[in-house]
Amino acid sequence: MRSVNVLFLLMLSFHEMKSACGYECDPCAEDIKVLSSKDRAAGFQKLTRKSDRIRRWKETWYKFTGGAGDKMATADSNGTYCITPPSCGAKFPGYLDGDHPADLKVGESVKRTVCFSNGRNCCVWRQEIEILKCKDFFIYKLPKVPFRRARYCGNKVFLLSMVLVSIKFIKKETQNSGKL
């Protein structure tokens, strides 16, 4: 009986250590959710009905890869332009406001702002996210988006869309920050 109790306590201790560790130990090595569909790329220029405001969306670590690109889409480096609909198939495309952090060491994270554009306003809604630097990539702790038909966009741009459609940009100088 005593050995059963000791075994139970050891199992319970291990479970508690694992639960307490969660994503705090090494999110880069954990089961990261992948955002990889082609229609999530900033260069995808056809409106879809897809949204990241779905019941099963969990605030956890995500990685952009595959057809979506290798990181979250950004505004241009000097902050003059933004991404507008129908980028990544969204009525409200979400992109990183500014550049990715260049000076982060592996395992370090920073808070950044994602802007959601509606075509008239570059940042109709702001959402704070966390970015973590892994060895060869970034991962993002992404909360559920603020409204339907909003999506986080990847940075992939298709040559064909650049030639035929080109991503539409609007000047940030003309924006009014606020909410819908």
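Residues -22 to -1, 1 to 158 (mature numbering (1 follows the signal peptide of the UniProt record, and there is no 0)) are what the sequence shown spells out, left to right.
Where a beta carbon is used, it is the ideal one built from N, C-alpha and C, also for glycine.
Give the DSSP-derived three-state secondary structure of residue i in the structure shown.
| i | result |
| --- | --- |
| residue 184 | Given a span of -22 to 158 for the chain in the structure shown, any question on residue 184 remains unanswerable. |
| ALA128 | strand |
| SER95 | coil |
| ILE10 | coil |
| CYS66 | helix |
| GLY44 | helix |
| ALA53 | coil |
| GLY72 | strand |
| LYS89 | strand |
| TRP103 | strand |
| TRP35 | coil |
| CYS60 | strand |
| ASP4 | coil |
Quick check on this structure: which residue in the options has the alpha carbon closest to the alpha carbon of residue i?
| i | options | result |
| --- | --- | --- |
| CYS3 | ASP17, GLY21, ARG34, TRP39 | TRP39 |
| ASN133 | SER29, ILE61, ARG33 | ILE61 |
| LYS24 | THR91, PRO63, VAL92, LYS11 | PRO63 |
| ARG90 | ASN99, VAL84, TYR118, SER14 | TYR118 |
| CYS66 | PHE125, LYS16, CYS100, ILE10 | LYS16 |
| THR52 | CYS100, ASP77, PHE42, ALA46 | ASP77 |
| TYR59 | PHE22, ALA68, GLY97, ALA46 | GLY97 |
| VAL12 | LEU120, PRO124, PHE136 | LEU120 |
| residue 160 | PHE94, ASN99, ILE109 | The question about residue 160 has no answer here: the residues shown for the chain are numbered -22 through 158. |
| LEU74 | ALA80, MET50, SER87 | MET50 |
| PRO124 | SER95, ALA19, ALA20 | SER95 |
| LYS83 | GLY44, PHE115, ALA19, ARG18 | PHE115 |
| PRO79 | LYS111, ARG18, CYS100 | LYS111 |
| PHE136 | GLY45, ILE10, GLY21, ALA46 | GLY21 |
| GLU8 | LYS41, CYS101, ASP81, ALA46 | LYS41 |
| LYS122 | SER87, SER14, CYS100, VAL92 | VAL92 |
| GLY44 | ALA19, ASN99, GLY72 | ALA19 |
| PHE70 | ALA46, CYS6, ASN99, SER87 | ASN99 |
Taking DSSP's pairing of strands, which residues face residue i in a bridge?
| i | result |
| --- | --- |
| PHE116 | LYS111 |
| SER29 | Paired residue(s): none; SER29 is not in a bridge. |
Hey, is residue i close to the ligand FMN, as in C-beta under 8 angstroms from one of its heavy atoms?
| i | result |
| --- | --- |
| PRO79 | Of ligands this structure carries none, so the ligand FMN is not represented either. |
Given 8 angstroms, three or more beta-carbon pairs between the segment 26 to 36 and the segment 102 to 116: The segment 26 to 36 is not in contact with the segment 102 to 116.
Segment contact flag, the segment 115 to 131 with the segment 31 to 48, C-beta cutoff 8 angstroms, min 3 pairs: Touching, yes, given that three or more Cβ pairs across the two stretches are closer than 8 angstroms.
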